[in-house]
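Asker: I am attaching a structure below and will ask some questions about it afterwards.
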Amino acid sequence: MAKDLKKRGFKFLGPTTMYAHMQAMGLVNDHLHGCDFR
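Our numbering puts the first residue of the sequence shown at 1, with every later residue one more than the last.
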């Protein structure tokens with residue numbers, strides 16, 4: 001995924017940026033089971 005985004009013009013892609021991107025896309029859900037936002 002990072003290689004594709006770099007090819008599309010992204011300059012800096014570290015692990016934090018990629019993890020936030022996956023959270024925004026809905027691939028990762030870090031909310032606890034009791035959380036109202038889950």
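Where is the CB? At the ideal position from N, CA and C, for every residue including glycine.
Computed from a prediction, not measured in an experiment: that's the story for all the values here.
Going by beta carbon distance, what residues of the same chain come within less than 7 Å of Ala2, once the five residues before and after it are set aside?
Answerer: Locating residue 2 in the sequence shown gives position 2, where the first residue counts as 1. Contacts found: Leu13 and Met18.
Asker: DSSP three-state label for Met1, please.
Answerer: Here the question's residue 1 lines up with position 1 in the sequence shown. Reduced to three states, the DSSP call for Met1 is coil.
Asker: Let's see if you can read the secondary structure: which residues bound the alpha helix (DSSP H) around His21?
Answerer: Along the sequence shown, read from residue 1 onward, the residue named residue 21 stands at position 21. It spans Pro15 to Met25 - the alpha helix (DSSP H) in which His21 sits, taken as one unbroken run.
Asker: What's the C-alpha gap between Asp36 and Asn29?
Answerer: Counting from 1 along the sequence shown, the entry for residue 36 is found at position 36. Counting from 1 along the sequence shown, the entry for residue 29 is found at position 29. Cα-Cα distance, rounded: 13 Å.
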